[in-house]
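*Asks:*
2 protein chains.
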Amino acid sequence: MSIQARRERERAERERLIITAARTLAEAEGWEAVTTRRLAEQVEYSQPVLYSHFKGKDAIMAAVAVEGCADLAVDLHAARTSTDDPRQALAAVGAAYADFAERRPALYDVIFSLAVDLPFATPEAPAPLQAAFGELSQALEPQVGDDDLGLLTETFWSGLHGLVTLMRGGRLPREAHDRRLAILVDRFSQRP
Amino acid sequence: MSIQARRERERAERERLIITAARTLAEAEGWEAVTTRRLAEQVEYSQPVLYSHFKGKDAIMAAVAVEGCADLAVDLHAARTSTDDPRQALAAVGAAYADFAERRPALYDVIFSLAVDLPFATPEAPAPLQAAFGELSQALEPQVGDDDLGLLTETFWSGLHGLVTLMRGGRLPREAHDRRLAILVDRFSQRP
DNA sequence: CAGGAGCGCTAGCGGTGCTAGAGTTGTCGG
DNA sequence: CCGACAACTCTAGCACCGCTAGCGCTCCTG
Numbered sequence: 001m002s003i004q005a006r007r008e009r010e011r012a013e014r015e016r017l018i019i020t021a022a023r024t025l026a027e028a029e030g031w032e033a034v035t036t037r038r039l040a041e042q043v044e045y046s047q048p049v050l051y052s053h054f055k056g057k058d059a060i061m062a063a064v065a066v067e068g069c070a071d072l073a074v075d076l077h078a079a080r081t082s083t084d085d086p087r088q089a090l091a092a093v094g095a096a097y098a099d100f101a102e103r104r105p106a107l108y109d110v111i112f113s114l115a116v117d118l119p120f121a122t123p124e125a126p127a128p129l130q131a132a133f134g135e136l137s138q139a140l141e142p143q144v145g146d147d148d149l150g151l152l153t154e155t156f157w158s159g160l161h162g163l164v165t166l167m168r169g170g171r172l173p174r175e176a177h178d179r180r181l182a183i184l185v186d187r188f189s190q191r192p
Numbered sequence: 001m002s003i004q005a006r007r008e009r010e011r012a013e014r015e016r017l018i019i020t021a022a023r024t025l026a027e028a029e030g031w032e033a034v035t036t037r038r039l040a041e042q043v044e045y046s047q048p049v050l051y052s053h054f055k056g057k058d059a060i061m062a063a064v065a066v067e068g069c070a071d072l073a074v075d076l077h078a079a080r081t082s083t084d085d086p087r088q089a090l091a092a093v094g095a096a097y098a099d100f101a102e103r104r105p106a107l108y109d110v111i112f113s114l115a116v117d118l119p120f121a122t123p124e125a126p127a128p129l130q131a132a133f134g135e136l137s138q139a140l141e142p143q144v145g146d147d148d149l150g151l152l153t154e155t156f157w158s159g160l161h162g163l164v165t166l167m168r169g170g171r172l173p174r175e176a177h178d179r180r181l182a183i184l185v186d187r188f189s190q191r192p
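Residue numbers (the numbering used here), protein chains in the order written: chain B, 1 to 192; chain W, 1 to 192.
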């Protein structure tokens with residue numbers, strides 16, 4: 001029975017190798033450079049091996065997305081707990097979110113922009129994703145007012161997502177990013 | 001000399017034909033269905049003819065984007081001038097924007113999401129694009145408060161863009177769209 | 001040690017955006 | 001009126017993509 005165990009372990013290791021190779025390649029050269037041929041070359045196996053682990057390229061990207069989302073959740077948590085002032089915490093979380101998108105665009109895209117079939121906004125959503133959303137939610141909790149917290153979080157999140165995607169797509173000038181972010185945070189804070 | 005004039009006219013007509021074919025095909029089946037082969041078949045010319053009009057597929061998409069943006073500007077203008085109440089006008093503009101994205105996703109994507117090299121946020125930006133932005137801007141003018149109107153517009157626009165892209169990407173549940181939109185409009189309205 | 005199952009490989013399918021070069025068409029000067 | 005030339009379009013093909021059928025090797029099992 002230990003023979004089979006070893007094989008399964010090796011399989012799992014190879015799967016991890018594929019995911020990290022995809023992630024590394026994407027972060028280095030963008031997702032358009034991640035082809036199944038290059039990926040297979042990286043992990044030193046032939047193309048069809050990829051398909052014995054994942055249903056297709058999308059599934060590989062989805063796996064990378066879940067991993068990356070955990071990183072985002074860590075960043076957001078650190079930002080939220082960096083200060084006791086609720087308003088500053090919200091600003092910090094917003095800045096951390098935008099910073100993540102700026103520093104790791106490939107990771108951000110695969111989580112939030114590219115078409116991968118991950119379940120969002122349902123109980124089946126991957127835990128890291130729910131964790132990241134939860135950080136946003138907790139940061140907004142003091143500002144909830146009469147609104148529903150879940151919907152408020154989704155709306156604030158949309159604002160952040162719009163800011164970073166439009167900026168990265170060249171639709172918004174880079175230099176005023178901080179001021180736009182300040183406006184967003186301000187408008188989502190309760191009046192004193 | 002009139003021979004050359006006729007040729008140029010015919011060329012211009014064919015160029016329009018290509019653009020409308022691309023737009024029609026994209027709206028009917030999505031941009032992933034718009035290939036240079038299918039496009040060439042639609043206009044009843046061979047592939048290389050497309051490249052005598054446009055530098056590449058991206059340039060064709062950019063042309064469609066400019067056209068589509070004019071439509072968006074019309075919708076936004078109608079919404080903004082549909083009421084005298086500033087707050088209702090802002091809500092109407094937001095709803096019209098989201099509605100456009102929902103009704104014509106292919107058009108919306110090529111304007112705001114896909115990578116096409118259109119100049120944004122500069123004087124060289126296409127007029128229809130500036131017109132659409134201007135409508136948003138005018139709708140926000142009564143709510144500007146102490147903020148810069150341009151930046152406020154960009155930020156509100158980001159909120160709308162985030163809402164529609166996250167929803168269309170399956171990241172936000174569809175059913176609560178109206179309530180999220182209401183929250184966004186509310187948070188971007190001055191307190192009474 | 002023979003047989004067989006599992007697995008990774010080579011090769012290839014149908015598609016993509018794009019382009020070189022051949023061939024045809026239509027215009028103009030002699 | 002005709003032949004040469006210029007403009008233009010088409011066929012064919014390149015290098016790449018995601019994905020898969022089926023052969024052949026390796027290694028475990030009876």
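Cβ coordinates follow ideal geometry from the N, Cα and C atoms, glycine included.
For G170/B and A182/B, what's the separation of their Cα atoms in angstroms?
*Replies:* Each residue's Cα considered, the two are about 20 Å apart.
*Asks:* Helix, strand or coil for G30/B? Go by DSSP, reduced to three states.
*Replies:* Looking at G30/B - three-state DSSP - the assignment turns out to be coil, as it is neither helix nor strand.
*Asks:* Thinking C-alpha only, which one of S158/W, V164/W, F156/W and Q42/W is nearest D178/W?
*Replies:* Measuring from the Cα of D178/W, the nearest candidate turns out to be V164/W.
*Asks:* From E67/W to M167/B, what does the alpha carbon distance come to, in whole angstroms?
*Replies:* Their backbone Cα atoms lie some 22 Å apart in a straight line.
*Asks:* Is it true that the CB of R80/W sits closer than 9 Å to the CB of Q138/W?
*Replies:* Yes, the Cβ-Cβ distance between Q138/W and R80/W is below 9 Å.
*Asks:* I'd like to know whether the C-beta of R171/W is nearer than 9 Å to at least one C-beta of chain B.
*Replies:* Yes, R171/W counts as interfacial toward chain B.
*Asks:* Starting from the C-beta of I261/W, find all residues in its chain whose C-beta is less than 8 Å away, skip the five residues before and the five after it, and write them out in chain order.
*Replies:* Nothing can be reported for residue 261/W, as the shown portion of chain W is limited to 1 through 192.
*Asks:* Just the C-alpha distance for V74/W and A132/W, rounded to the nearest angstrom, thanks.
*Replies:* In a straight line, the C-alpha of V74/W is about 8 Å away from that of A132/W.
*Asks:* Taking all protein chains shown into account, do 16 or more other C-beta atoms lie within 10 angstroms of the C-beta of R7/B, making it buried, or fewer, making it exposed?
*Replies:* It is exposed - the Cβ of R7/B has fewer than 16 other Cβ atoms within 10 Å.
*Asks:* Would you list, in chain order, the members of the stretch 102 to 115 of chain B that have their beta-carbon closer than 8 Å to a beta-carbon of chain W?
*Replies:* So the close ones are F112, S113 and A115.
*Asks:* How far does the alpha helix (DSSP H) with V64/W in it extend, from its first residue to its last?
*Replies:* K57 to R80 is the span of the alpha helix (DSSP H), which, as asked, contains V64/W.
*Asks:* Which full runs of the alpha helix (DSSP H) of 4+ residues lie inside the stretch 88 to 120 of chain W, going along the chain?
*Replies:* With a minimum length of 4 residues, the continuous alpha helix (DSSP H) runs that stay inside the stretch 88 to 120 of chain W are 105 to 112.
*Asks:* Is there a C-beta anywhere in chain W that falls below 9 Å from the one on E8/B?
*Replies:* By this cut-off, E8/B is not an interface position.
*Asks:* Roughly how many whole angstroms lie between the Cα atoms of L184/B and A28/B?
*Replies:* Near 31 Å, if we compare the C-alpha coordinates of A28/B and L184/B.
*Asks:* Alpha carbon to alpha carbon, how far is H53/W from A33/W?
*Replies:* If I take the Cα positions, the gap works out to 20 Å.
*Asks:* Would you say D186/B lies against chain W (beta-carbon separation less than 9 Å)?
*Replies:* D186/B counts as touching chain W.
*Asks:* Which residues in the same chain have their Cβ closer than 7 Å to the Cβ of T122/B, if we skip the five residues on either side of it in sequence?
*Replies:* Excluding positions up to five away in sequence, the list is empty.
*Asks:* Spell out whether any CB of chain B is found under 9 Å from the CB atom of M1/W.
*Replies:* Unreliable positioning characterises M1/W in this predicted model, as indicated by a pLDDT of 46, which lies under 50. The coordinate reading is nonetheless provided below. No, its Cβ sits nowhere closer than 9 Å to a Cβ of chain B.
*Asks:* Is the separation between the beta-carbon of T24/W and that of Q47/W shorter than 9 Å?
*Replies:* Against a cut-off of 9 Å, the Cβ pair of Q47/W and T24/W comes out as no contact.
*Asks:* Could you name the residues of the stretch 157 to 169 of chain W whose beta carbon sits closer than 8 Å to any beta carbon of chain B, in the order they occur along the chain?
*Replies:* Within the stretch 157 to 169 of chain W, the qualifying residues are W157, S158, G159, L160, H161, G162, L163, T165, L166 and G169.
*Asks:* Would you mind listing the beta strand (DSSP E) stretches within the stretch 146 to 177 of chain W that are 3+ residues and don't spill past its ends, in chain order?
*Replies:* If we require 3 residues or more, the stretch 146 to 177 of chain W turns out to have no beta strand (DSSP E) run fully inside it.
*Asks:* P173/W to H161/W, Cα distance in whole Å?
*Replies:* So the alpha carbons of these two residues sit roughly 15 Å apart.
*Asks:* My understanding is that L76/B touches Y97/B, with C-beta atoms under 8 Å, so please give their C-beta distance in whole angstroms.
*Replies:* The pair is a contact, with the Cβ atoms about 7 Å apart (cut-off 8 Å).
*Asks:* Sorted by chain position, which residues of the same chain lie with C-beta nearer than 8 Å to G159/B's C-beta, five sequence neighbours on each side aside?
*Replies:* The residues are L184 and F188.
*Asks:* Do you know how far the Cα of C69/W is from the Cα of Y108/W?
*Replies:* Going by the C-alpha atoms only, they are around 8 Å apart.
*Asks:* Do L152/B and Q143/B have their CB atoms nearer than 9 Å?
*Replies:* For L152/B and Q143/B, yes; Cβs fall inside 9 Å.
*Asks:* Would you list, in chain order, the members of the stretch 72 to 91 of chain B that have their beta-carbon closer than 8 Å to a beta-carbon of chain W?
*Replies:* Within the stretch 72 to 91 of chain B, no residue has a Cβ that lies closer than 8 Å to any Cβ of chain W.
*Asks:* For a cutoff of 9 Å on Cβ pairs, would you count T35/B as touching chain W?
*Replies:* Taking Cβ atoms only, chain W never reaches closer than 9 Å to T35/B, which makes this a no.
*Asks:* With 16 as the cutoff for other CB atoms within 10 Å, does G94/B come out buried or exposed?
*Replies:* Buried is the call here.
*Asks:* Does the beta carbon of I60/W come closer than 9 Å to any beta carbon on chain B?
*Replies:* So no, I60/W is outside the interface.
*Asks:* Run through DSSP, which three-state label would S46/W get?
*Replies:* Three-state result, S46/W: coil.
*Asks:* I'd like the list of long-range same chain contacts for A125/W, defined as Cβ closer than 6 Å, with 5 residues on each side in sequence excluded.
*Replies:* Taken in chain order, the residues that qualify are P119.
*Asks:* In this structure, how does DSSP classify S137/W when only helix, strand and coil are distinguished?
*Replies:* Three-state result, S137/W: helix.
*Asks:* Where does D84/B sit, in a helix, a strand or coil, going by DSSP?
*Replies:* Here D84/B sits in coil by DSSP.
*Asks:* Can a CB atom of chain B be found closer than 9 Å to the CB of F120/W?
*Replies:* True, the Cβ-Cβ gap to chain B drops below 9 Å.
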